[in-house]
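Residue numbers for the sequence shown follow UniProt numbering, beginning at 1 and rising by one.
What follows is a short report on a single structure.
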Amino acid sequence: MSNSLRRTQPLPDLDDFEELQSPSSTLLSELGAVEMFQTPESPTPSGTLRRNTASDTPGPSFAELIGTEIVHFLIGPQRIELTAHKNLVCNASTVLKRMLDSNARRDEYFLDSNELFLPESAHLAVRDFITLLYRDRKEVVALSHSRSYKDYVELYLFGSKFGVNTLMDIAIDGIQDQLRETRKSLTNEDIENIFANTARDDQLRRFCAALITHELLRHKNRTPSEVHALMVKVPDLLKQYLIYQHTESPEPPIVPTYHNMGNDPRDRVRDRVSGHGFHVCAFHIHDMLEECLTAPNC
Ligand SMILES: [Zn+2]
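Right, here's the structure in full:
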């Protein structure tokens with residue numbers, strides 16, 4: 001790759017980490033940010049990327065743990081470059097770890113010596129991913145606050161493709177908030193895009209099924225013939241819609257979705273007696289035993 005084609009954005013400096021430390025903490029405590037967004041299926045991090053316990057013998061320094069290998073994300077035709085430490089990337093995404101370890105070819109991405117090519121549409125998502133690696137979820141939420149729902153769809157698809165659940169949870173909240181605030185719905189093109197880039201039983205697919213149900217039964221801004229035409233085009237939508245009708249029964253709530261039939265999935269509520277909307281966690285990926293950091297939006 002010719003350097004002239006790259007627009008490089010600087011790698012966060014190790015000094016930045018030190019600024020984040022409270023005087024009493026150690027550099028190792030920053031690894032909490034790594035642990036928080038590991039997917040449930042993630043294996044125990046390879047090597048020693050783990051917070052030491054009191055019984056541990058003194059381990060390597062943070063600088064040693066984070067390593068020196070760098071992943072280069074090259075984005076769009078101009079090859080705008082964003083970078084991150086490989087150890088952090090691999091701990092956050094087992095999918096990326098596999099790709100980087102094997103130099104595998106995958107879809108539109110081609111890896112060569114820790115270089116990953118991504119389409120222009122992934123630019124904001126890569127920035128959010130790197131913010132999550134070096135900062136935390138809260139900062140990603142703050143940085144993405146004024147985005148459009150389409151940007152959040154892109155973030156969700158990035159998280160889904162690379163198995164970064166925290167990004168998917170942030171994105172689904174953003175989609176709900178933006179659609180609700182702007183009184184918009186997903187377009188047919190959005191739904192086609194979502195179904196083309198997600199797997200069966202995906203949470204955003206469930207959200208699409210819930211939204212279509214709401215718009216058919218309550219809001220009535222989609223007609224049966226329009227929905228039928230869309231389902232002919234996107235057969236998996238019909239499947240997801242039928243699964244949704246079958247599983248989203250009021251009792252017993254296997255997942256905290258309450259009595260949702262026809263409720264508006266853009267409304268996030270925490271209180272069962274509210275009688276509308278969906279529980280804040282209804283479309284989240286995180287472990288249900290984990291504390292949910294999302295607030296209701298109505
Ligand atoms: Zn949640």
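Beta carbons are placed, not taken as given, at the ideal position from N, Cα and C, and that holds for glycine.
What you are looking at is a predicted structure, and each value in this text was computed from that prediction instead of being measured.
Around the Cβ of Cys-90, a 10 Å sphere holds 16 or more other Cβ atoms; the residue is buried.
Around the beta carbon of Met-168, 16 or more other beta carbons sit within 10 angstroms, so the residue counts as buried. Rounded to the nearest angstrom, the gap between the Cα atoms of Arg-266 and Phe-278 is 8 Å. Uninterrupted alpha helix (DSSP H) stretches at least 4 residues long and entirely within the segment 183-229 occur at 188-196 and 203-214, given in chain order.
In chain order, Leu-157, Ser-160 and Lys-161 place their CB closer than 8 Å to the CB of Asn-197, counting only its own chain and leaving out the 5 sequence neighbours on each side. Boundaries for Glu-139: no beta strand (DSSP E) harbours it, while the alpha helix (DSSP H) harbouring it runs 137-143, taken from the DSSP string. Residue burial is scored here from C-beta neighbours: Leu-217 has fewer than 16 other C-beta atoms within 10 angstroms and is therefore classed as exposed.
Judged by their CB atoms, Ala-171 and Leu-155 are nearer to each other than the 7 Å cut-off.
With a cut-off of 6 Å, the C-beta of Thr-182 is classified as distant from ligand 1, since no heavy atom of the ligand falls inside that distance. Annotation for Cys-90 indicates a beta carbon at 6 Å or more from all heavy atoms of ligand 1. If you draw a straight line from the Cα of Thr-223 to the Cα of Val-280, it comes to about 28 Å.
Of the candidates Ala-209, Glu-181, Leu-179 and Arg-183, the residue whose Cα lies closest to the Cα of Glu-192 is Ala-209. Looking only at Ile-70, Met-231 and Ile-130, the smallest Cα-Cα distance to Thr-213 is reached by Met-231. Ligand 1 approaches Cys-292 closely enough that one of its heavy atoms is under 6 Å from the residue's Cβ. In the structure shown, Val-164 falls within a coil segment according to DSSP collapsed to helix, strand and coil.
Cβ-Cβ separation between Leu-132 and Asn-114: approximately 19 Å, too far for a contact (criterion under 8 Å).
Distances from the CB of His-279 to the heavy atoms of ligand 1 are all 6 Å or more.
With a 10 Å radius around the Cβ and a threshold of 16 neighbouring Cβ atoms, His-72 comes out buried. In this structure, Asn-297 keeps its C-beta atom at 7 Å or more from the C-beta atom of Asp-136. Rounded to the nearest angstrom, the gap between the Cα atoms of Thr-247 and Leu-88 is 38 Å. Counting the other CB atoms within 10 Å of its CB gives Arg-79 a total of 16 or more, which places it among the buried residues. Taking the C-beta atoms as reference points, Ser-93 is found nearer than 7 Å to Val-164. Of the residues assessed, Ser-225 falls on the exposed side of the cut-off, its CB having fewer than 16 other CB atoms within 10 angstroms.
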